Structures are given as C-alpha cells and as structure tokens.
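*Asks:* Protein chains in written order, with this note's numbering: chain P, -19 to 229; chain F, -19 to 229. Quick reminder that beta carbons are idealized off the backbone N, C-alpha and C, glycines included. Remember, predicted model here, so these are calculated numbers, not experimental data.
Number of protein chains: 2
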Amino acid sequence: MAQMNNVTPLFKDMAKLEHDHRVACQECSLYRLCLPLGLHNKDLAQLDKIIKRSQSHKRGEALFTTEHAFKSLYVVRSGSFKTTISATNGREQVTGFYFPGEFIGLDALYQESYQSNAQALETSSVCELPFDSLQELGKDMPQLQVQLLSRLSKELSGDKSLMLLLGKKTADEKLATFLLSFSKRFSDRGFSATEFHLTMSRGDIANHLGLAVETVSRVFSRFQEEGLITILGKGIVLRDIAKIKGLCG
Amino acid sequence: MAQMNNVTPLFKDMAKLEHDHRVACQECSLYRLCLPLGLHNKDLAQLDKIIKRSQSHKRGEALFTTEHAFKSLYVVRSGSFKTTISATNGREQVTGFYFPGEFIGLDALYQESYQSNAQALETSSVCELPFDSLQELGKDMPQLQVQLLSRLSKELSGDKSLMLLLGKKTADEKLATFLLSFSKRFSDRGFSATEFHLTMSRGDIANHLGLAVETVSRVFSRFQEEGLITILGKGIVLRDIAKIKGLCG
DNA sequence: CGCGCGTTTGACATGACTCAAATGCTGTGG
DNA sequence: CCACAGCATTTGAGTCATGTCAAACGCGCG
C-alpha cells in the first residue's frame, strides 16, 4: 500500500485543463463536449459574449447553495464538483459529480431556484451562463435551445440509470459501475481510461452510491486483492476492465 | 379488510378524465398543469395543430419501449403510466409513475432514442407531440421552449429527490414519502388528497422504491395498525397526514 | 364458479450498517 | 523543513433492517 497523491506523473487530472480565463469557446479544448457544439461561428461569438469566466474555486468552496438566488447555469471548465441535496433531518445525498464540459444547476430552471448545493472537489473553474441572457439568446438561436434540451435530457437519462443502481444493485455492482462511469468520462476528455484520480473522498463516493464508507473501503480492498484494480490513495488503476464490466450487473 | 376496486364512489380516479379525443388544449381541464401554460392564444392554436390525440391504451399496453424508434414525446391525458429501465441481467427498475398533464419520454431527446419503456397502468390516453414538429414550432415560439426546459428541469428535480429516497431513507420513510407525493399529485389535479386509488401493483411500488414486495405489504399493514392509513385493496385513505409527514425523514 | 396471480403473513438468512480502534495522510504552524 | 493535530481511510467484530423463501389467502378475470 504505497502512498502518493498529487505529484505523480502517472495520474493526470482535470484540474490542469484551462485555468486561463481568456480562452474563448472557439479555442476551448472542451468544445466537442460542451454547449456550443453545433453552433455556427456567428452564434458562437454571441454565446461567447454572455459567458462569464469566473475566478477559480478552491476545494470545498461552494459554487452555489439552495440559499443563493438563482441566476446562472454553470459549465465546469477545469477540476470537478459535487452536488448534494439534504433531507429535512440533515441527511445529505450526493446527487452527482461533475467534470469539465458538464452542466451544473439544470434542476434550478423549474422554479428558478437552486434545488441543490454545488461544491468544488479541488481547485476548479467554471463558465457562468447567466440564465436571462441565455434565454434572450435562445430566442434567435434555436440550435442553442436544442443543445440545452439535449443536456437536460442527458442528465435525466443518467439519473434514471443511477436509480437502477441505487435501487437494484449490490455493493460490488455499484462500485464496478461507478469505476467504469468514471473511466468513460475521463477517456471522453482525453485522459487515461485506466488510470485516474478520484477527487472526491470515500465518504462522497459511499454517499453517492447509497453505501457506508466502510463498505466502499472494503470492496475496493477486495477488488484489489482480486487483481481488478490497484489503489494508490486517491489514485486508481483499472487492471481488468473486462472483468469489472462483468460485475456491473 | 374489505374488498373493492373499481365501482366505489369513495375513490375517484384519473382514468375518467377526458377520453374525448377532440378536446383542444384551450378547453382541456389539464390546461394549468400542461405544456401550453403561458402560451398566447395564437401560439396555442398552433401547438394544438401538431398534437395527435391517440386512441386509448389498455392496461399493460406499451406506449413505447427502447426498441421503438423515437418520434414523439407524450403527455398523459387520462389514466396513468409507469416507466422502466432494465439492467443487462434482466433486473428492472421502475423509474417513474406518470399522471395526467405529465410528460413521458423526456430522457429520449438526447440521442433521439427511447431510454426507457412506458406502459399503461390502467386504460389511459395520451397527447402525442411529434418531436420534429415541436422543434419546428419552438423556433418561432420561445415561450414553448421555456416550457419544455421547465418540464425537463422539474423531472430532473424530482429524480434527485428520488435519489435521496433510494440512497438514504428507510422502508418506512420511503413509503411515507411515496404516499405524500401521490397525495399532492392527486390534489393538484383536483382529486382528493386523502383518498385515492393506487393504479400500480405492490410489486411496482416496491420496485420503484427499492424495496421487496413483502416489505411494502408489511409497512402498509403496520401503518394501518397505527391508524395512519386505511387500506382497501388498491384504495388508500390517508388518516393522519401530519404524522405521515413526520415519517418522511 | 374456479383458476391464477397479486397480496399478505410468518420464519429465517444475510448483506450491509454500526460501532470501535488502528493506521495513514494532509495541511498547518512553528 | 519538520512535527504535530486532525481528518480520512482501513480493518475487524457484531447487529439489524430488509431481503429471501414458503405458504395461505382472497380478489379479479375468464
């Protein structure tokens, strides 16, 4: 059980993407994954104008909470975030993890108030899309609306899969599914599909998957014994993707 | 433990709403709950033109499955539906129940293919909205797009709450939450908030909440012993809403 | 009227949780 | 730069809520 966490060349991560606040959509490396996909140059320039590229958020810092007034949607630019909702009695559920190019705050549109809290998992930055401007722009840009709908729909689809996971899967299946989902999202962004950092705590993972921390820890350890993965602190190496796939249920 | 199911004046239900296929949006009793909300008369008339009002679907009949080509969104007109997704190994998760005025198929927009199966729980009818026409219409009708976004967002928001339920709640809390959610949706539609029919089987309820059938049955029985509810087959009477609220967690 | 499925109830099994404690890692301040 | 404090993670032991298996019951459909 080695130690290590940040300065390992093995694990590249998304915190390094583009902290440069001036990069316009046209030159952004996330273009293929992001909202502007499919917009014409002229439209893209317009969209670019309404985007606020905020300063970066430190680990643990809130992007917004249910207390804040709804004003904007956000797209992750670098780093990663988690969103949570809370029950009346204080229990919390981690509803999602968000990587570069992914939207945060879509569940706020209805009722125009944030329904969840969003928090940075590491030093991260976002593109802020003031919703009023976005609506205004959408009136003359049907393609933008289509993109927005598509984003919402994608998240919806993912949430349904998570329901299946939460409702029907065993601890092993949950964690196998979780690992593969991350693998795919990393590789979609040009990172390794087999070696990556988990920027969230075991507690966050457990919470998100409807498990206890101890269970996550135990299953990870067992996966390692069985040669499926190697654990290096927050770093994970997938050693046998095929077998992991077989465990997903 | 009495018996009864359909012909009881006590329980009014949504199967009786408007089976009349000619009722236009303007005169539809669901207006306040449905898509057209906020559209001007002229726009409404246009929307009305693209809507196909299909024949009714019998209990158990599929509205669509993941095998069907994506073509349309649907709004429940009368009756009720359930949606399901399946894991590779055959396990199924009931992802939602849908009542008059609610959208089905929103998770299909992304990828333009149905991601779930929709099935009638009783004799039911829908308004079919061909997606192409809807997109076409949306180009000149920003308000329609806003409505659509809002619908997606609402479903997203509900799904996040369900994650909290599936991940963090006990069997008692799950069922209390379930009952109150139905109570609200019934009363929103002008039906009694305290007396209603559950059109789905115990199995569907259990599946949706991530429980075993036997657990649902047991908890319902206990709730009845404790004077919280009265069970009459598929009929439910909420006897102490305050106390049920207290159980939601 | 009778068959079959959906529902209820009981007895038992177990996966995952809780509690507890050791160990390791991280970030801070001296 | 190092040492310490505090939190995160791991590991173990025991419990419990909920699932599984089994059987009786009754309603609903043909």
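Leaving aside the five residues before and after Glu7(P) along the sequence, list all residues of the same chain whose C-beta is less than 8 angstroms from its C-beta, in chain order.
*Replies:* Counting from one through the first sequence, the residue named residue 7(P) turns up at place 27. Nothing meets the Cβ criterion.
*Asks:* Hey, does Met143(P) have any beta-carbon neighbour from chain F nearer than 7 angstroms?
*Replies:* As a position in the first sequence, residue 143(P) is number 163, starting the count at 1. Met143(P) counts as touching chain F.
*Asks:* Using the DSSP secondary-structure output, state which residues sit across from Ser34(F) in a beta bridge.
*Replies:* On the second sequence, residue 34(F) is found 54 positions in, with the first residue counted as 1. Looking at the DSSP assignment, Ser34(F) forms no beta bridge with any residue, so it has no partner.
*Asks:* Let me know the secondary structure DSSP gives Tyr94(F) once reduced to three states.
*Replies:* Locating residue 94(F) in the second sequence gives position 114, where the first residue counts as 1. In the structure shown, Tyr94(F) sits in coil (DSSP, three-state: anything other than H, G, I, E or B).
*Asks:* Along chain F, in chain order, which residues have C-beta atoms closer than 8 angstroms to that of Ser96(P)?
*Replies:* Position 116 of the first sequence holds residue 96(P). Going along chain F in sequence order, the residues near Ser96(P) (Cβ under 8 angstroms) are Lys140.
*Asks:* Would you kindly report the start and end of the unbroken alpha helix (DSSP H) that includes Phe50(F)?
*Replies:* Sequence index remark: in the second sequence, residue 50(F) carries index 70 (1-based). Phe50(F) -> no alpha helix (DSSP H), and no H or E assigned at all.
*Asks:* Provide the residue span of the beta strand (DSSP E) that contains Gln123(F), from first to last.
*Replies:* Position 143 of the second sequence holds residue 123(F). Taken as a continuous stretch (DSSP letters only), Gln123(F) belongs to no beta strand (DSSP E), being part of the alpha helix (DSSP H) at Pro122 to Lys148.
*Asks:* Against Gln6(P), what residues of chain F qualify as contacts under a CB-to-CB distance less than 9 angstroms, listed in chain order?
*Replies:* Reading the first sequence from its first residue, position 26 is the one you call residue 6(P). Going along chain F, no residue has its Cβ under 9 angstroms from Gln6(P), so there is no contact; the nearest lies around 24 angstroms.
*Asks:* If you measure between the beta carbons of Ala88(F) and Tyr94(F), is that distance less than 7 angstroms?
*Replies:* Locating residue 88(F) in the second sequence gives position 108, counting from the first residue. Locating residue 94(F) in the second sequence gives position 114, counting from the first residue. Yes, they are a contact pair.
*Asks:* Spell out whether any CB of chain P is found under 7 angstroms from the CB atom of Ala49(F).
*Replies:* The residue labelled residue 49(F) in the question sits at position 69 within the second sequence. No, Ala49(F) does not count as interfacial toward chain P.
*Asks:* Measure the C-alpha to C-alpha separation of Arg219(P) and Ala186(P) and round it to an integer number of angstroms.
*Replies:* Here residue 219(P) corresponds to residue number 239 of the first sequence, with the count starting at 1. Here residue 186(P) corresponds to residue number 206 of the first sequence, with the count starting at 1. Rounded to whole angstroms, Arg219(P) to Ala186(P) spans 22 angstroms at the Cα level.
*Asks:* Can you check whether the C-beta of Pro122(P) is within less than 7 angstroms of a C-beta belonging to chain F?
*Replies:* One-based indexing of the first sequence puts residue 122(P) at position 142. Cβ-Cβ to chain F under 7 angstroms: yes for Pro122(P).
*Asks:* Measuring only the C-alpha atoms, how far is Ser172(P) from Ser163(P)?
*Replies:* Numbered from 1 along the first sequence, position 192 holds the residue referred to as residue 172(P). Numbered from 1 along the first sequence, position 183 holds the residue referred to as residue 163(P). Looking at the two C-alpha atoms, the distance is approximately 8 angstroms.
*Asks:* Please list, in chain order, the chain F residues whose beta carbon lies closer than 7 angstroms to that of Gln73(P).
*Replies:* Counted from its first residue, the first sequence places residue 73(P) at position 93. Here the neighbours are Met143, Leu144, Gly147 and Lys148.
*Asks:* For Leu129(P), would you say it is in contact with chain F, using Cβ-to-Cβ distances shorter than 7 angstroms as the test?
*Replies:* Taking the first sequence and counting its residues from 1, the one referred to as residue 129(P) is at position 149. Yes, Leu129(P) counts as interfacial toward chain F.
*Asks:* Just the Cα atoms here: how many angstroms apart are Ser201(F) and Ser66(P)?
*Replies:* Sequence index remark: in the second sequence, residue 201(F) carries index 221 (1-based). Sequence index remark: in the first sequence, residue 66(P) carries index 86 (1-based). Their Cα atoms are separated by approximately 29 angstroms.
*Asks:* Any Cβ of chain F within less than 7 angstroms of the Cβ of Tyr90(P)?
*Replies:* Position 110 of the first sequence, counted from the start, is the residue given in the question as residue 90(P). Chain F contact via Cβ: present.
*Asks:* Ignore the nearest five residues each way along the sequence and tell me which others in Phe(-9)(F)'s own chain have a CB closer than 7 angstroms to its CB.
*Replies:* Numbered from 1 along the second sequence, position 11 holds the residue referred to as residue -9(F). Cβ neighbours of Phe(-9)(F) beyond the five flanking positions: Glu175, Phe176, His177 and Gly215.
*Asks:* In terms of residue numbering, what span does the beta strand (DSSP E) encompassing Gln6(P) cover?
*Replies:* Start at 1 with the first residue of the first sequence, and residue 6(P) comes out as number 26. Taken as a continuous stretch (DSSP letters only), Gln6(P) belongs to no beta strand (DSSP E), as it is neither H nor E.
*Asks:* Ordered along the chain, which non-local residues of its own chain (more than five positions away) have a Cβ less than 7 angstroms from that of Arg39(F)?
*Replies:* Translated into positions along the second sequence, residue 39(F) becomes position 59. So the list reads Ala100, Leu101, Glu102 and Thr103, once near-sequence residues are dropped.
*Asks:* For Met(-16)(P), I'd like the list of residues in its chain whose CB is within less than 7 angstroms of its CB, leaving aside the five on either flank, ordered along the chain.
*Replies:* Here residue -16(P) refers to the residue found at position 4 of the first sequence. Low local confidence applies: a pLDDT of 41 at Met(-16)(P) is under 50, so the model's placement there is unreliable, and no value is given.
*Asks:* I'd like to check one pair, Leu144(F) with Gln91(P): are the Cβ atoms closer than 7 angstroms?
*Replies:* Position 111 of the first sequence holds residue 91(P). Position 164 of the second sequence holds residue 144(F). No, Cβ-Cβ distance for Gln91(P) and Leu144(F) is not below 7 angstroms.
*Asks:* Nearest to Glu116(F) by alpha carbon, out of Asp23(F), Lys223(F), Leu86(F) and Arg12(F)?
*Replies:* Position 136 of the second sequence, counted from the first residue, corresponds to residue 116(F). The shortest Cα separation from Glu116(F) among Asp23(F), Lys223(F), Leu86(F) and Arg12(F) belongs to Asp23(F).
*Asks:* What residues in the stretch 39 to 63 of chain P bring their beta carbon closer than 9 angstroms to a beta carbon of chain F?
*Replies:* Per Cβ criterion, the list reads Thr63.
*Asks:* On a CA-only basis, which of Ser167(P), Gly229(P) and Asp152(P) is nearest Phe203(P)? Give me that one, please.
*Replies:* Here residue 203(P) is taken as the residue at index 223 of the first sequence, counted from 1. It is Asp152(P).
*Asks:* Going by beta-carbon coordinates alone, are Glu82(P) and Val106(P) separated by less than 7 angstroms?
*Replies:* If you number the first sequence from 1, residue 82(P) lands on position 102. If you number the first sequence from 1, residue 106(P) lands on position 126. No, the pair does not count as a contact, with Cβ atoms beyond the cut-off.
*Asks:* Within 7 angstroms of any Cβ in chain F, is that where the Cβ of Asp220(P) sits?
*Replies:* Here residue 220(P) refers to the residue found at position 240 when the first sequence is read from its first residue. Taking Cβ atoms only, chain F never reaches closer than 7 angstroms to Asp220(P), which makes this a no.
*Asks:* Reducing DSSP to helix, strand and coil, say where Leu208(P) ends up.
*Replies:* Numbered from its first residue, the first sequence carries residue 208(P) at position 228. Looking at Leu208(P) - three-state DSSP - the assignment turns out to be coil, as it is neither helix nor strand.
*Asks:* Exposed or buried, which one is Lys148(P) when buried takes at least 16 other CB atoms within 10 Å?
*Replies:* If you number the first sequence from 1, residue 148(P) lands on position 168. So Lys148(P) ends up on the buried side.
*Asks:* Taking 7 angstroms as the threshold (beta carbon to beta carbon), is Gly277(F) in contact with chain P?
*Replies:* This structure cannot settle anything about residue 277(F), because the visible part of chain F is limited to -19 through 229.
*Asks:* Taking the Cβ atom as the reference point for each residue, do Pro80(F) and Leu10(F) lie within a distance shorter than 7 angstroms?
*Replies:* Here residue 80(F) refers to the residue found at position 100 when the second sequence is read from its first residue. Here residue 10(F) refers to the residue found at position 30 when the second sequence is read from its first residue. Yes. Within cutoff.
*Asks:* In or out: Asn21(F) buried (at least 16 other Cβ within 10 Å) or exposed?
*Replies:* Working through the second sequence from its first residue, we reach residue 21(F) at position 41. By the neighbour-count rule (16 or more Cβ atoms within 10 Å), Asn21(F) is not buried but exposed.
*Asks:* With 16 other CB atoms within 10 Å as the buried threshold, where does Arg12(F) fall?
*Replies:* Position 32 of the second sequence, counted from the start, is the residue given in the question as residue 12(F). It is exposed - the Cβ of Arg12(F) has fewer than 16 other Cβ atoms within 10 Å.
*Asks:* Count the other CB atoms, across all protein chains shown, that sit within 10 Å of the CB of Ala222(F); report buried if there are 16 or more and exposed otherwise.
*Replies:* As a first step, residue 222(F) must be located in the second sequence, where it is residue number 242. Its Cβ having fewer than 16 others within 10 Å, Ala222(F) is exposed.
*Asks:* Alpha carbon to alpha carbon, how far is Leu15(F) from Gln127(F)? Give it in angstroms, no decimals.
*Replies:* Within the second sequence, the letter at position 147 stands for residue 127(F). Within the second sequence, the letter at position 35 stands for residue 15(F). Rounded to the nearest angstrom, the two C-alpha atoms are 6 angstroms apart.
*Asks:* Which stretch, first to last residue, makes up the beta strand (DSSP E) that contains Glu41(P)?
*Replies:* Position 61 of the first sequence, counting from 1, holds the residue named residue 41(P). Premise fails: Glu41(P) is in no beta strand (DSSP E) and is neither H nor E.
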